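**Student:** There's a structure below that I have some questions on.
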Amino acid sequence: MNREELVERIRELVAEKLGLDIDEVTNDADLVEDLDADSLDLVDLAMAIEDEFGITIADEELEKIKTVQDIIKNLSSKIKFEEEEKEEEEEAEEE
Numbered sequence: 001m002n003r004e005e006l007v008e009r010i011r012e013l014v015a016e017k018l019g020l021d022i023d024e025v026t027n028d029a030d031l032v033e034d035l036d037a038d039s040l041d042l043v044d045l046a047m048a049i050e051d052e053f054g055i056t057i058a059d060e061e062l063e064k065i066k067t068v069q070d071i072i073k074n075l076s077s078k079i080k081f082e083e084e085e086k087e088e089e090e091e092a093e094e095e
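Once you know that position 28 of the sequence shown is 28 in the UniProt record's numbering, the rest is easy, because the numbers rise by one and skip nothing.
Structure (structure tokens):
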């Protein structure tokens, strides 16, 4: 998975969990203010993201997530993209 695929999948999950059209889910959209999510929606979304990507989002992290971009940043710090894996393999081969 590359970064663009991650962004698209996050937008799809947000749209699906909040009952929205994907076009309404922009990176800078505030989950509560713009997309009308409530606290239960946010927990449901976090669980879906955890299941989808095999990660854990701590309660403290969830409290800091306000926008779709915040979700992307949080996930980006936890998963490796295909490009990073290839670079690491190439570096290992050079040694």
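Built from N, CA and C at the ideal position, the CB exists for glycine as well.
None of these values were measured; they are calculated from a predicted model.
Is Ile65 near the ligand COA, going by C-beta to nearest heavy atom under 7 Å?
**Tutor:** The model on display carries no ligand, and the ligand COA is accordingly not part of it.
**Student:** Beta-carbon within less than 8 Å of Thr67's beta-carbon, same chain only, minus the 5 sequence neighbours each way: which residues are those?
**Tutor:** The residue labelled residue 67 in the question sits at position 67 within the sequence shown. Cβ within range, chain order: Asn27, Asp28, Ala29, Asp30, Leu31.
**Student:** How close, in whole Å, do the beta carbons of Ala37 and Leu62 come, if the pair is a contact with beta carbons under 8 Å?
**Tutor:** If you number the sequence shown from 1, residue 37 lands on position 37. If you number the sequence shown from 1, residue 62 lands on position 62. The pair is not a contact, with the Cβ atoms about 12 Å apart (cut-off 8 Å).
**Student:** Once DSSP output is grouped into helix, strand and coil, what is the label at Asp34?
**Tutor:** Position 34 of the sequence shown holds residue 34. Note: Asp34 maps to coil in three-state DSSP.
**Student:** Would you tell me roughly how many angstroms separate the C-alpha atoms of Lys78 and Ile71, rounded to the nearest one?
**Tutor:** Taking the sequence shown and counting its residues from 1, the one referred to as residue 78 is at position 78. Taking the sequence shown and counting its residues from 1, the one referred to as residue 71 is at position 71. So the alpha carbons of these two residues sit roughly 11 Å apart.
**Student:** Taking the continuous alpha helix (DSSP H) assigned at Met47, which residues delimit it?
**Tutor:** Looking up residue 47 in the sequence shown gives position 47. Counting along the chain, the alpha helix (DSSP H) containing Met47 begins and ends at 39 to 53.
**Student:** Can you tell me where the alpha helix (DSSP H) with Asn74 in it begins and where it stops?
**Tutor:** For the purposes of this step, residue 74 is identified with residue 74 of the sequence shown, where counting begins at 1. Counting along the chain, the alpha helix (DSSP H) containing Asn74 begins and ends at 68 to 76.
**Student:** Would you decide whether Ala46 is buried or exposed? Buried here means 16 or more other CB atoms lie within 10 Å of its CB.
**Tutor:** Along the sequence shown, one-based indexing puts residue 46 at 46. Result: buried.
**Student:** Quick check: what's the CA-CA separation for Glu60 versus Leu75?
**Tutor:** Along the sequence shown, read from residue 1 onward, the residue named residue 60 stands at position 60. Along the sequence shown, read from residue 1 onward, the residue named residue 75 stands at position 75. Between Glu60 and Leu75, the C-alpha separation is close to 14 Å.
**Student:** Where does Ala15 sit, in a helix, a strand or coil, going by DSSP?
**Tutor:** On the sequence shown, position 15 is the one that residue 15 refers to. The answer is helix: DSSP assigns Ala15 an H, G or I state.
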